[in-house]
Amino acid sequence: MRPSPLALLPLLIAAALPLHGARAQTAPPQDRPYPGTLQLDVDASDIARRVLKARQRLPVQAGPLTLLFPQWIQGNHSPTGPIDKLAGLRVRGNGQAIAWTRDPLDVYAFKLDVPQGVSELEIEFDMLTPTASGQGRVVMTADLLNVQWNQVALYPAGYYARGIQVAPSLKLPPGWQAGTALELDARQGDTLRFRPVPLNTLLDSPVFAGRHYQQIDLAPGAKIPVRLNLVADAAKYLEAKPEQLKPHRELVTQAVKLFGSQPYDHYDFLLSLSGQMSGIGLEHHRSSENGVDTDYFTGWDGSSALGRDLLAHEYTHAWNGKFRRPAGLVAGNFNQPLSDGLLWVYEGQTQYWGFVLAARSGLWKPEFARDALALVAARYAEDRPGLNWRSIQDTTLDPVIAMRRSKSYSSWQLSEDYYSGGQLVWLAVDARLRALSGEKRSLDDFARAFFHGADGDYEVKPYEFEDVVAALDKVAPFDWAGFLRERLDARAAPLDGLAASGWKLSFADTPSEAGKLAESDRKHTDLTYSLGLTLSNDNTVGAVRWDGPAFNAGIAPGSTLIAINGYSASGERLKDAVGANKDGKQPIELIVRNGEVVRSVRIDYRGGLRYPRLERIDGAPDRLSKIFAPK
Numbered sequence: 010m011r012p013s014p015l016a017l018l019p020l021l022i023a024a025a026l027p028l029h030g031a032r033a034q035t036a037p038p039q040d041r042p043y044p045g046t047l048q049l050d051v052d053a054s055d056i057a058r059r060v061l062k063a064r065q066r067l068p069v070q071a072g073p074l075t076l077l078f079p080q081w082i083q084g085n086h087s088p089t090g091p092i093d094k095l096a097g098l099r100v101r102g103n104g105q106a107i108a109w110t111r112d113p114l115d116v117y118a119f120k121l122d123v124p125q126g127v128s129e130l131e132i133e134f135d136m137l138t139p140t141a142s143g144q145g146r147v148v149m150t151a152d153l154l155n156v157q158w159n160q161v162a163l164y165p166a167g168y169y170a171r172g173i174q175v176a177p178s179l180k181l182p183p184g185w186q187a188g189t190a191l192e193l194d195a196r197q198g199d200t201l202r203f204r205p206v207p208l209n210t211l212l213d214s215p216v217f218a219g220r221h222y223q224q225i226d227l228a229p230g231a232k233i234p235v236r237l238n239l240v241a242d243a244a245k246y247l248e249a250k251p252e253q254l255k256p257h258r259e260l261v262t263q264a265v266k267l268f269g270s271q272p273y274d275h276y277d278f279l280l281s282l283s284g285q286m287s288g289i290g291l292e293h294h295r296s297s298e299n300g301v302d303t304d305y306f307t308g309w310d311g312s313s314a315l316g317r318d319l320l321a322h323e324y325t326h327a328w329n330g331k332f333r334r335p336a337g338l339v340a341g342n343f344n345q346p347l348s349d350g351l352l353w354v355y356e357g358q359t360q361y362w363g364f365v366l367a368a369r370s371g372l373w374k375p376e377f378a379r380d381a382l383a384l385v386a387a388r389y390a391e392d393r394p395g396l397n398w399r400s401i402q403d404t405t406l407d408p409v410i411a412m413r414r415s416k417s418y419s420s421w422q423l424s425e426d427y428y429s430g431g432q433l434v435w436l437a438v439d440a441r442l443r444a445l446s447g448e449k450r451s452l453d454d455f456a457r458a459f460f461h462g463a464d465g466d467y468e469v470k471p472y473e474f475e476d477v478v479a480a481l482d483k484v485a486p487f488d489w490a491g492f493l494r495e496r497l498d499a500r501a502a503p504l505d506g507l508a509a510s511g512w513k514l515s516f517a518d519t520p521s522e523a524g525k526l527a528e529s530d531r532k533h534t535d536l537t538y539s540l541g542l543t544l545s546n547d548n549t550v551g552a553v554r555w556d557g558p559a560f561n562a563g564i565a566p567g568s569t570l571i572a573i574n575g576y577s578a579s580g581e582r583l584k585d586a587v588g589a590n591k592d593g594k595q596p597i598e599l600i601v602r603n604g605e606v607v608r609s610v611r612i613d614y615r616g617g618l619r620y621p622r623l624e625r626i627d628g629a630p631d632r633l634s635k636i637f638a639p640k
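Following this note's numbering, the numbering of the sequence shown begins with 10 at its first residue and continues without gaps.
Pasting the structure below:
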């Protein structure tokens, strides 16, 4: 049985998505094999126009047929299949056009009647991928591309995805190489022909390809291969030094030690180093899509450090989210609504292990991991007033409510807080397990038991809330249901785990290394914990903390800062003004433009510059250092 807050989830989904909620006209999927194999050929060579051309051959029988475009993409936790970018759909049988109509209550469903005598449909359409970031995630450039099969495949309704066999092929631009979890059957020129797989496996096996490509073995000599597949804007960005590859190999070692098994037959990290193709972090069972900037290796000693938990996070999903998966996220096909209520386990605990494995592997130094955790803790200590009216549990509905659109006041609205808020919940769980067991057991023991599976076996094993509670109870008996619900349902931040780990949040007048990198990466000046705003490098006000000094002075996100104390605005000058008014003698005078309105604003904030740090609690056991220490 699911926790009571989730009982109304199907109704909430239907209310949020009236056009997607009705399914009465589409046959529900059944667990049966589809007769025949679907041939799917994708031409990805048109990088100039950024168009993917899909051609399918589908065995059929005469009569009514519904073709579905994948809607619910599991790793996105929402019905975000890009149906708006599908164009030029044509269906033929025996060379003759066959008419189709779109279901007005389910725009992802195309209905048609297969004429007598037609045993195979020829289906073709174009996927018009974004040509600019404002249209969505850019996946094709002059030098690299990312093919997600859910964007280039229609499939017959009425069958479980695992019962539909697909034989895929992919045509690349001339001379390009590709990385994917799919197994190559043959390469004919620039066309890759892969071994047939079930539809659910295909859609879980994306491709990164590029003009500049390199594959690196992260587990030399291992029975189960783990590889790093790199594509980049230029060949120079692929150059990785041995000391940079060492922590990537150690990541594999530490993850396997943590979880105790490898529930996949092989694993491929797909990593793009690009300033042209959009970034990404998306989990799959035998691979993951990871997109970072070009400085991942070239900026190893500085600029790239902040995002180096990305691979650790997505790799953790092979166990948490793909092998072990909330029952509400297991569906027969890709057009059945999903229930996101356990995302605080799926994503929250993965966020926790992402930080831990980044530290244990050496991708992060221990002090950097603490600085990164301080940024998370500060957010929940001072920048989440929305927890006064929403709970972390309620934010598991955000992927459906907001579809990951940006929000004007995220500190008040909240935005998928099951990630970082969930991370803090699991820190509290880990600290409590250690305390209850006299420091003999920890969340590591839970992970090894709960996420353990047979090596090479990647069949999904669903779970419910009660399964999580029972597994924790086996590590150390306790009222875990009450402990978790208290933190997930409360209108308060779950910060007790930090103190229980032997550390406390403090503030300094200079940012930590992680804080500096966060400012640089986001191209803004961060005054969240002083004035309550961020200021971009072009003097646009970014986030504004609800009920903070800037908010109470009437400053809104999107405003432009023109002047500070009579001088032209800049991030550095604003920091100087905040520091200078610590004694109250130099109130901060701003000139702000919001649309066509220009006005003067006075803020008498006297708290000085404040940047988060972690400090040891005297006399308390240092559990956090043990958590971050390699096994």
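Here a beta-carbon is modelled for each residue, glycine too, at the ideal position from N, C-alpha and C.
Determine the burial state of residue i: buried for a count of at least 16 other Cβ atoms within 10 Å of its Cβ, exposed for fewer.
i, result
"LEU20", "Residue placement at LEU20 is poorly supported in this model, since its pLDDT is 34, which falls under 50; the coordinates still yield a value, given next. Flag for LEU20 reads exposed."
"ARG333", "buried"
"ASN590", "buried"
"THR519", "exposed"
"GLN70", "exposed"
"LYS331", "buried"
"PRO272", "buried"
"LEU193", "exposed"
"GLY642", "Here the chain covers residues 10 to 640 and nothing more, so residue 642 does not appear."
"VAL409", "buried"
"ARG500", "exposed"
"ASN103", "exposed"
May I ask you to report which of helix, strand or coil DSSP gives residue i?
i, result
"GLN473", "Before going further, note that residue 473 is Glu rather than Gln in the sequence given. It is coil, neither helix nor strand."
"ASN299", "strand"
"ALA386", "helix"
"ASN329", "strand"
"LYS640", "coil"
"GLN80", "coil"
"ILE107", "coil"
"GLN223", "strand"
"ILE410", "helix"
"ARG531", "helix"
"THR150", "coil"
"ILE92", "helix"
"SER545", "strand"
"ARG632", "helix"
"GLN271", "coil"
"GLU259", "helix"
"LEU514", "strand"
"GLN39", "strand"
"GLN342", "Checking the sequence, you will find Asn at residue 342 rather than Gln. Correct three-state label for ASN342: coil."
"PRO251", "helix"
Alpha carbon to alpha carbon, what distance is there between residue j and residue i?
i, j, result
"ASP52", "ALA63", "7 Å"
"ILE82", "GLU298", "14 Å"
"PHE306", "LEU315", "13 Å"
"ALA241", "TRP185", "12 Å"
"VAL123", "ALA458", "50 Å"
"GLY337", "VAL116", "23 Å"
"LEU163", "LEU77", "5 Å"
"LEU382", "PHE516", "13 Å"
"LEU436", "GLY395", "21 Å"
"ALA228", "HIS461", "20 Å"
Which residues in the same chain have their Cβ closer than 6 Å to the Cβ of residue i, if we skip the five residues on either side of it in sequence?
i, result
"ARG99", "GLU133"
"PRO182", "SER54 and ILE56"
"ASP403", "none"
"LEU67", "LEU47 and LEU130"
Could you please give the first and the last residue of the uninterrupted beta strand (DSSP E) stretch that includes residue i?
i, result
"PRO113", "Where PRO113 is concerned, there is no enclosing beta strand (DSSP E), given that its DSSP letter is neither H nor E."
"LYS180", "174-180"
"LEU130", "129-137"
"PRO68", "60-68"
"THR569", "569-573"
"THR46", "46-55"
Can you find the residues in the same chain that come closer than 8 Å, C-beta to C-beta, to residue i, ignoring five residues on each side of it along the sequence?
i, result
"VAL610", "ALA562, GLY563, ILE564, GLU598, LEU599, ILE600 and VAL601"
"SER214", "TRP158, THR189, ALA190, LEU191, VAL206, HIS293, ARG295 and SER296"
What first and last residue would you give for the alpha helix (DSSP H) that runs through residue i?
i, result
"TYR355", "352-355"
"ASP439", "429-445"
If I measure Cβ to Cβ from residue i and keep anything under 7 Å in the same chain, skipping five residues before and after, which residues do I get?
i, result
"TRP512", "LEU623, GLU624, ARG625, ILE626 and LEU633"
"LEU445", "ALA485 and PHE487"
"LEU211", "TRP158, VAL175 and PRO177"
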